[in-house]
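Only one structure is covered here, and it is reproduced in the block below.
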Amino acid sequence: MPRPKTKTNAQIKNDYAKKTYDDVRLQVKKGKKEIIKAHAEAVGESVNGYINKAIDARMKTEDAENQASKA
1 MPRPKTKTNA
11 QIKNDYAKKT
21 YDDVRLQVKK
31 GKKEIIKAHA
41 EAVGESVNGY
51 INKAIDARMK
61 TEDAENQASK
71 A
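In this text, residue positions in the sequence shown follow the numbering used here: the first is 1, and each later residue adds one.
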């Protein structure tokens with residue numbers, strides 16, 4: 001009797017990521033990736049985390065500016 005197929009840890013992680021996260025493709029000029037990576041490492045973050053924090057900060061600033069202009 002054949003053994004039931006089980007998923008590898010990588011497959012389980014991939015399934016979780018597909019359910020939990022959206023993918024966004026980002027293109028930068030040649031050489032800029034290494035600059036971003038160096039900045040991220042300097043503050044102890046992954047490139048993904050660094051970019052996400054930058055996006056969040058920009059959106060927070062823009063939201064505050066939009067609220068101020070409505071007042």
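From the three backbone atoms N, C-alpha and C, an ideal C-beta is built for every residue, glycine too.
Asked: Rounded separation between residue 10 and residue 49 - CA only; Found: 21 angstroms
Asked: 8 angstroms Cβ cutoff met for residue 55 and residue 47; Found: no
Asked: Residue 31 versus residue 25 - alpha carbon distance; Found: 17 angstroms
Asked: Alpha-carbon to alpha-carbon, residue 3 and residue 52; Found: 42 angstroms
Asked: Residue 21 (DSSP reduced to helix, strand or coil); Found: coil
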